[in-house]
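Undergrad:
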Amino acid sequence: MPRAYWRGFDHRLLTSAVILIQPSESEFGYIWERIQVAGKSDYDMEILNDLYQDSAMVLPHRPYILLTGEFRSKTHANYLGAPHTRWNPDLVLSEAKFLHFSDWPVSKASFAQLIYPTDFSPVVVCSY
Numbered sequence: 042m043p044r045a046y047w048r049g050f051d052h053r054l055l056t057s058a059v060i061l062i063q064p065s066e067s068e069f070g071y072i073w074e075r076i077q078v079a080g081k082s083d084y085d086m087e088i089l090n091d092l093y094q095d096s097a098m099v100l101p102h103r104p105y106i107l108l109t110g111e112f113r114s115k116t117h118a119n120y121l122g123a124p125h126t127r128w129n130p131d132l133v134l135s136e137a138k139f140l141h142f143s144d145w146p147v148s149k150a151s152f153a154q155l156i157y158p159t160d161f162s163p164v165v166v167c168s169y
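In terms of the working numbering, the sequence shown has 156 at position 115, counting the first letter as 1, and numbering is strictly consecutive.
#1: Between the Cα of valine 59 and those of Asp144, Met86, Thr109 and Arg48, spot the shortest distance and give me the residue it belongs to.
#2: Looking at the strands, I want to know which residues DSSP matches up with proline 43.
#3: Could you compute how far the alpha carbon of valine 133 sits from the alpha carbon of phenylalanine 142?
#4: Please check the pair isoleucine 62 and isoleucine 76, which I expect to be a contact at CB under 8 Å, by giving their CB distance rounded to whole angstroms.
#5: Just the C-alpha distance for proline 64 and leucine 55, rounded to the nearest angstrom, thanks.
#6: Note down the Cα distance separating arginine 113 from proline 104, rounded to an integer number of angstroms.
#7: Threshold first: 4 residues or longer. Then list the alpha helix (DSSP H) segments lying entirely within the segment 62–130, N to C.
#8: As a quick exercise: from Leu100, Glu74 and Glu68, pick the residue whose alpha carbon is nearest that of arginine 53.
#9: According to DSSP, which residues form a beta bridge with leucine 55?
#10: Output yes or no for whether 8 Å exceeds the beta carbon distance between glycine 49 and asparagine 119.
#11: Take glycine 110 and list the residues in its own chain whose beta-carbon comes closer than 6 Å to its own, dropping the five residues that flank it on each side.
#12: Spell out the partners DSSP gives leucine 134 in its beta bridges.
#13: In whole angstroms, what separates the C-alpha of tyrosine 84 from that of arginine 127?
Below, the structure written as structure tokens:
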């Protein structure tokens, strides 16, 4: 599982957007038990972090997971991994293996309105 880079690296949270799993009947039972006692605000990411945050192999988030909201962000240090690395949106998009539609406050693509709210359009700034 890659880190949820958008939450910052101090939290060490893993994202459930991309998971490489080795099938295991015992692990499935373990996860299923946790799901059964989960509250309404416990989502897959929270459950998997509770269970595996300290034991899962961490995949690099770059290039395996990219949030669409990254293109609206004013700073890209969390995604790039280093403050001195230059943001090149064309390169980032071409390298991305998985693009996750998460662009708060814009709703998910499956729930999007027919007219895109221009208030949320990103400011395009190229630094390359």
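Just so it is clear, CB atoms sit at the ideal spot from N, CA and C, and this is done for glycine as well. Fair warning: this is a prediction, and the values are worked out from it, not measured in the lab.
TA: By the coordinates alone:
#1: Among Asp144, Met86, Thr109 and Arg48, the Cα nearest to that of valine 59 belongs to Met86.
#2: In the DSSP output, where bridge partners are listed per residue, proline 43 has Leu100.
#3: Roughly 15 Å between the two C-alpha positions.
#4: Under the criterion of beta carbons closer than 8 Å, isoleucine 62 and isoleucine 76 do not qualify as touching, at roughly 15 Å.
#5: 19 Å
#6: 18 Å
#7: Taken in chain order, the whole alpha helix (DSSP H) runs of length 4 or more contained in the segment 62–130 are 66–77, 85–93, 102–105 and 118–121.
#8: Leu100
#9: Arg44
#10: yes
#11: Ser143 and Asp144
#12: None; leucine 134 has no bridge partner.
#13: 34 Å
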